[in-house]
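J.: Basically this note's numbering = 1-based index in the sequence shown + 180.
Ideal Cβ placement from N, Cα and C applies to all residues, glycine included.
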Amino acid sequence: MPIRREHFLLSLVMAGVMVLCWLVFSNCASVSLNQVHHQVVQNHRLQSKQANLMEPVLKSKQANLMEPVLKSKQANLMEPVLKSKQANLMEPVLQSKQANLMEPVLKSKQANLMKPVRTDVLTVTPWLAPVVWEGTFDPQVIDEAFMSQNLTIATTVFAVGKYTRFLRDFLESAEKHFMLGLDVHYYVFTDMPDDVPDNVTLGVGRLLSIVRVPKFDRWQEISLRRMEIIQTAIKDYIHQGANYIFCLDVDMRFHGRVGPEALGRLVAAIHPWFYMYPRSQYPYERRTVSKAYIPQDQGDFYYQANIFGGALEDVHRLTKTCSEHLEVDRSVGVEAVWQEESHLNWYLVRNKPTKLLSPEYVWDDAKGRDAKEIKLVRFSSVIKNKAEVRENL
Ligand code: GAL
Ligand code: MN
């Protein structure tokens, strides 16, 4: 009997040890597997194939089998987008709006899964973020989806030194086109509060606060200090009263709708001068000594810092990281080639934007208006005499 009991106890202990070993081993294995997998994903992400904004994914696959990209582009331009727009013009807008007010979303035009709305441009990134172009969204559906949410959009704009002269046009045009129907709180950062026009009529639910900031001697310094000021402002007061934030340049003007279709957790706009180029030609910071360094074989798009935004938490993380990196650069006497824009681009290689705004949202008046893929210029840099408005050349 005692022997049997000993056997029993011994097998119980052995079974326990085996279970313990199995638990420890499987745990270690899965941890290290996760780590390896994580690294692979990271590396892969940074060195991924560059998406081509002018080459929509589906079409280019078909076209590549036969022949070239250029041909399919031309064919696409001849065809569907314009036609469907004309069809929409036949249906009276007012009537459908009234109907929609009664019965929202339900009455919207049906999307056709077999008929892409834009076939001339990329409308979704390889990480499945939409690229917003005219024709890719229905403004009515978007408005209905957002209007009932009582959203407030904080909007920062810097008017330092002679740049206060751009404020009036900026604000007046924003009141015609920017986030209409939503609450907007402009924060005007300036060294000259008296130069902020006080007779721009703001719509219902729209506010303007003036925040005094120091002026620096060089325009580059004025520009790069913005990240630090925005991150402090979000932390100290903006976060309480807003759901989203947009950071805009003041030497710009609105010409068309920039509405809630532009909202997302992390939103950036594609620079109008570089969207045709391979990434090796983007004006990223290429010196390894800067924190903004991006190697030739990384990066997705070149984003312009004239407009970026998103949820407060995400934009706070972005501006905080960029201002820390700008500080590191400063401590070793380096200034990235395009100041805060270079750091923004570095950040967005690693933290992919959840929504991309096409160059319609950050056009440049100096680029004219004949690019076929730009159906509507919404927000653009005005032509300015740089020598005259800037502090230094
Ligand atoms: C210019 C723009 C600058 C900067 C630069 C990048 O067109 O004015 O702000 O974005 O492109 O190369
Ligand atoms: Mn500017």
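(1) Does the Cβ of SER561 lie closer than 7 Å to at least one heavy atom of ligand 2?
(2) Starting from the Cα of ASP545, find the closest Cα among LYS532, PRO539, PRO533 and SER560 and give me that residue.
(3) Roughly how many angstroms lie between the CA atoms of GLN254 and THR303, to the nearest whole one?
(4) Could you compute how far the alpha carbon of PHE426 sits from the alpha carbon of HIS419?
(5) Entirely within the segment 405 to 475 and at least 3 residues each: give me those beta strand (DSSP E) ranges in chain order.
(6) Counting Cβ pairs, one atom from each stretch, are 3 or more of them under 8 Å apart for the segment 489 to 499 and the segment 468 to 477?
(7) For ligand 2, I want to know if ASN330 counts as a neighbour, meaning its beta carbon is within less than 7 Å of at least one of the ligand's heavy atoms.
(8) Does the contact criterion of 3 or more C-beta pairs under 8 Å hold for the segment 402 to 410 versus the segment 312 to 324?
(9) With C-beta atoms as the reference, is ASP300 less than 8 Å away from ILE333?
(10) Please state whether the Cβ-Cβ distance between ASP371 and LYS395 is less than 8 Å.
(11) Which partner residues of PHE396 appear in the DSSP bridge assignment?
(12) Give every residue of the same chain whose Cβ lies closer than 6 Å to the Cβ of SER389, excluding the five residues on either side of it in the sequence, and list them in chain order.
(13) If you compare alpha carbons, which of SER538, VAL514 and ILE410 is closest to THR336?
(14) Regarding ASP431 and ligand 1, is the C-beta to nearest heavy atom distance less than 7 Å?
(15) Taking C-beta to C-beta, are GLU520 and MET432 nearer than 8 Å?
(16) Starting from ASN565, trace the beta strand (DSSP E) in both directions and tell me its first and last residue.
(17) Name, in chain order, the residues that DSSP records as bridge partners for VAL569.
(18) Could you check what DSSP says for GLY489 in three-state terms: helix, strand or coil?
(19) Label ILE563 either buried or exposed according to how many other C-beta atoms from any shown protein chain fall within 10 Å of its C-beta, with 16 as the threshold for buried.
(20) Pick from VAL340, ALA448, ARG348 and PHE350: whose alpha carbon is nearest that of PRO310?
(21) For ALA334, which of helix, strand or coil comes out of DSSP?
(22) Under 7 Å from any heavy atom of ligand 1, does the C-beta of HIS419 make it?
(23) Going by the C-beta, is ASN525 closer than 7 Å to any heavy atom of ligand 2?
(24) For the beta strand (DSSP E) containing ASP323, name the first residue and the last one.
(25) Answer with buried or exposed for GLU441, where buried requires no fewer than 16 other C-beta atoms within 10 angstroms of its C-beta.
(26) CB-CB under 8 Å to MET258, same chain, minus the five flanking residues each way: which ones, in chain order?
(27) Which of the three DSSP states is assigned to VAL512 in this structure?
(28) Please confirm whether SER470 has its beta-carbon closer than 8 Å to some beta-carbon of chain B.
(29) Could you please give the first and the last residue of the uninterrupted alpha helix (DSSP H) stretch that includes LYS535?
(30) Using the beta-carbon count (16 or more within 10 Å), is GLY490 buried or exposed?
(31) When burial is assigned at 16 or more other CB atoms within 10 Å of the CB, is LEU308 buried or exposed?
(32) For a test of your reading of the model: does the CB of GLU521 fall under 7 Å from any non-hydrogen atom of ligand 1? Yes or no.
(33) Comparing alpha-carbon positions, which option in VAL430, TYR473 and PRO539 lies nearest LYS342?
(34) Using 8 Å as the cut-off, can you tell me whether the segment 540 to 555 makes contact with the segment 508 to 519, which would need three or more C-beta pairs spanning the two stretches below that distance?
(35) Alpha carbon to alpha carbon, what distance is there between VAL542 and GLN478?
(36) Give the straight-line distance between the Cα atoms of GLU352 and PHE358, rounded to the nearest whole angstrom.
T.: By the coordinates alone:
(1) Counted from its first residue, the sequence shown places residue 561 at position 381. Yes, ligand 2 has a heavy atom inside 7 Å of this Cβ.
(2) Locating residue 545 in the sequence shown gives position 365, where the first residue counts as 1. Among LYS532, PRO539, PRO533 and SER560, the Cα nearest to that of ASP545 belongs to SER560.
(3) Walking along the sequence shown from the start, residue 254 turns up at place 74. Walking along the sequence shown from the start, residue 303 turns up at place 123. Per-residue confidence for GLN254 stands at a pLDDT of 27, beneath the threshold of 50, marking its modelled position as unreliable; the derived number appears in the next sentence. For GLN254 and THR303, the distance between alpha carbons rounds to 17 Å.
(4) Stepping through the sequence shown from its first residue, residue 426 is reached at position 246. Stepping through the sequence shown from its first residue, residue 419 is reached at position 239. Per the coordinates, the alpha-carbon of PHE426 lies some 12 Å from the alpha-carbon of HIS419.
(5) Runs found: 424 to 428, 432 to 434 and 446 to 450.
(6) no
(7) If you number the sequence shown from 1, residue 330 lands on position 150. Flag unset: Cβ of ASN330 not near ligand 2.
(8) Flag = no, the segment 402 to 410 and the segment 312 to 324 do not touch.
(9) Position 120 of the sequence shown, counted from the first residue, corresponds to residue 300. Position 153 of the sequence shown, counted from the first residue, corresponds to residue 333. At the C-beta level, ASP300 and ILE333 stay beyond 8 Å of one another.
(10) Reading the sequence shown from its first residue, position 191 is the one you call residue 371. Reading the sequence shown from its first residue, position 215 is the one you call residue 395. At a Cβ-Cβ threshold of 8 Å, ASP371 and LYS395 count as neighbours.
(11) Along the sequence shown, one-based indexing puts residue 396 at 216. None, per the DSSP bridge assignment.
(12) As a first step, residue 389 must be located in the sequence shown, where it is residue number 209. Excluding residues within five positions, the ones whose Cβ falls inside 6 Å are TYR367.
(13) Against the sequence shown, residue 336 aligns to sequence position 156. Answer by Cα proximity: ILE410.
(14) In the sequence shown, the residue the question calls residue 431 occupies position 251. Flag unset: Cβ of ASP431 not near ligand 1.
(15) Position 340 of the sequence shown, counted from the first residue, corresponds to residue 520. Position 252 of the sequence shown, counted from the first residue, corresponds to residue 432. No. Outside cutoff.
(16) Position 385 of the sequence shown, counted from the start, is the residue given in the question as residue 565. Segment: none, ASN565 is in no beta strand (DSSP E) and carries neither H nor E.
(17) Counted from its first residue, the sequence shown places residue 569 at position 389. The partner list for VAL569 (beta bridge, DSSP) is empty, contrary to what the question assumes.
(18) Counting from 1 along the sequence shown, the entry for residue 489 is found at position 309. Residue state, collapsed to three classes: strand.
(19) By 1-based counting over the sequence shown, the position of residue 563 is 383. The residue is exposed, with fewer than 16 neighbouring Cβ atoms inside 10 Å.
(20) The residue labelled residue 310 in the question sits at position 130 within the sequence shown. Measuring from the Cα of PRO310, the nearest candidate turns out to be ALA448.
(21) Within the sequence shown, numbered from 1, the residue matching residue 334 stands at position 154. Three-state result, ALA334: strand.
(22) Position 239 of the sequence shown, counting from 1, holds the residue named residue 419. Result no, Cβ not under 7 Å from ligand 1.
(23) Working through the sequence shown from its first residue, we reach residue 525 at position 345. Answer for ASN525: no, Cβ out of range of ligand 2.
(24) Along the sequence shown, read from residue 1 onward, the residue named residue 323 stands at position 143. ASP323 -> not in any beta strand (DSSP E); alpha helix (DSSP H) instead, spanning 319 to 327.
(25) To locate residue 441, count along the sequence shown from 1; it is residue 261. Buried.
(26) Numbered from its first residue, the sequence shown carries residue 258 at position 78. With a pLDDT of only 27 at MET258, under the threshold of 50, the placement of this residue in the model should not be trusted; the figure read from the coordinates follows. Hits under 8 Å: none found.
(27) As a working note, residue 512 is residue 332 in the sequence shown. Note: VAL512 maps to coil in three-state DSSP.
(28) No chain B is present in this structure, which holds just one protein chain.
(29) The sequence position of residue 535 within the sequence shown is 355, counting from 1. No alpha helix (DSSP H) holds LYS535; the beta strand (DSSP E) holding it covers 535 to 537.
(30) Residue mapping note: residue 490 aligns to position 310 of the sequence shown, counting from 1. Buried, because 16 or more other Cβ atoms sit within 10 Å of the Cβ of GLY490.
(31) Taking the first residue of the sequence shown as 1, we reach residue 308 at position 128. By the C-beta density criterion, LEU308 is exposed, having fewer than 16 other C-beta atoms within 10 angstroms.
(32) Position 341 of the sequence shown, counted from the first residue, corresponds to residue 521. Answer for GLU521: yes, Cβ within range of ligand 1.
(33) Within the sequence shown, numbered from 1, the residue matching residue 342 stands at position 162. Of VAL430, TYR473 and PRO539, the residue nearest in Cα terms is VAL430.
(34) no
(35) In the sequence shown, the residue the question calls residue 478 occupies position 298. In the sequence shown, the residue the question calls residue 542 occupies position 362. GLN478 and VAL542: Cα-Cα distance of roughly 23 Å.
(36) The sequence position of residue 352 within the sequence shown is 172, counting from 1. The sequence position of residue 358 within the sequence shown is 178, counting from 1. Their backbone Cα atoms lie some 10 Å apart in a straight line.
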